[in-house]
Amino acid sequence: LAKTTQPISMDSYEGQEVNITCSHNNIATNDYITWYQQFPSQGPRFIIQGYKTKVTNEVASLFIPADRKSSTLSLPRVSLSDTAVYYCLVGPTGRRALTFGSGTRLQVQP
Amino acid sequence: EPEVTQTPSHQVTQMGQEVILRCVPISNHLYFYWYRQILGQKVEFLVSFYNNEISEKSEIFDDQFSVERPDGSNFTLKIRSTKLEDSAMYFCASSEAGEYEQFFGPGTRLTVL
């Protein structure tokens, strides 16, 4: 499995755009990049998944450069309720055992 | 919106006792999972289950653990003889196919005294 590296924590203010970058230098050809969000005392929640270029949904955007060695999760105009831990996962889409790292703890201030 | 449910939300037990954690996955999903998260630590994969059998398990999932789908809706995790270090939040998850989008339940907090 590709090792992922992401910042331990980030701070932001309400209304700002937040970009969380994940490094995955040894990503394999058949690996996808997936982001999950976890609120305190809750189970992780799928946010977005991508393979290359840009993916956007109603919650976030995922930017993946051509070499795929990193990816950036972009949260537009965060609110206090976006305070959570964000996990970057890399692996083949058929792999069923999700491997979570330590994630990035995002704290949104008023 | 369909969701994974888990019962109980909190279970307290004595060391050495057996516990059964229950989950109701999303109805049309075919893959079921258990994860655990010790307080302040990472979410760890325990086991995946498909077509009435274990498809993958981690080193954590030793002989003390077992899973079962006793009927068409429930999915259970049994710990035969609990240890103090089994204290954790246990999450059940399900997915439609073997893809990365898994839907997690709210968790059962297991406290072993």
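Protein sequences, first through last, are from chains D and H.
Mapping of the first sequence onto my numbering: residues -16 to 93, in sequence order.
Mapping of the second sequence onto my numbering: residues 356 to 468, in sequence order.
Positions of the beta carbon are idealized from the N, C-alpha and C atoms, including for glycine.
- Proximal residues to Gly462 of chain H (C-beta, below 7 Å), its chain only, five neighbours per side dropped: Once the five neighbours on either side are set aside, the close Cβ partners of Gly462 of chain H are Gln361, Met444, Tyr445, Phe446.
- Message: If we define contact as Cβ-Cβ less than 8 Å, is Gly395 of chain H a contact residue for chain D?
- Response: So, not an interface residue.
- Item | Identified DSSP bridge partners for Ser413 of chain H | The partner list for Ser413 of chain H (beta bridge, DSSP) is empty, contrary to what the question assumes.
- Message: Buried or exposed for Tyr(-4) of chain D, going by 16 or more other Cβ atoms inside 10 Å?
- Response: By the neighbour-count rule (16 or more Cβ atoms within 10 Å), Tyr(-4) of chain D is not buried but exposed.
- Task: Tell me, to the nearest whole angstrom, how far the beta carbon of Lys412 of chain H is from that of Val402 of chain H; I am working on the premise that it is less than 8 Å.
- Result: For Lys412 of chain H against Val402 of chain H, the beta-carbon gap comes to about 4 Å, under 8 Å, which counts as contact.
- Item | Partner residues on chain H for Gly(-2) of chain D, Cβ-Cβ distance less than 7 Å | Contact note: Gly(-2) of chain D does not reach chain H at a C-beta cutoff of 7 Å; the least C-beta distance is about 27 Å.
- Message: For Arg51 of chain D, which residues in the same chain have their Cβ closer than 7 Å to its Cβ, ignoring the five residues on either side in sequence?
- Response: Only Ile10, Lys35 meet the Cβ criterion.
- Item | Endpoints, beta strand (DSSP E) assigned at Leu394 of chain H | Where Leu394 of chain H is concerned, there is no enclosing beta strand (DSSP E), given that its DSSP letter is neither H nor E.
- Count the C-beta pairs between the region 363 to 381 of chain H and the region 428 to 442 of chain H that are closer than 8 Å, then say yes if the count reaches three, no if not. When Cβ pairs closer than 8 Å are counted between the two stretches, the region 363 to 381 of chain H is seen to touch the region 428 to 442 of chain H, the count reaching three or more.
- Got a sec: is the Cβ-Cβ distance from Ile366 of chain H to anything in chain D below 8 Å? According to the sequence as given, residue 366 of chain H is Gln; it is not Ile. Chain D, which has no Cβ nearer than 8 Å to the Cβ of Gln366 of chain H, makes this no.
- Ser62 of chain D - DSSP class collapsed to helix/strand/coil: If DSSP states are grouped into helix, strand and coil, Ser62 of chain D belongs with coil.
- Cross-strand partners of Val73 of chain D (DSSP beta bridge): Paired residue(s): D:Ile16.
- Message: Within a Cβ cutoff of 7 Å, which residues of the same chain sit near Pro59 of chain D, ignoring the five residues on either side of it in sequence?
- Response: Closer than 7 Å at the Cβ level, and outside the excluded window around Pro59 of chain D, lie Glu0.
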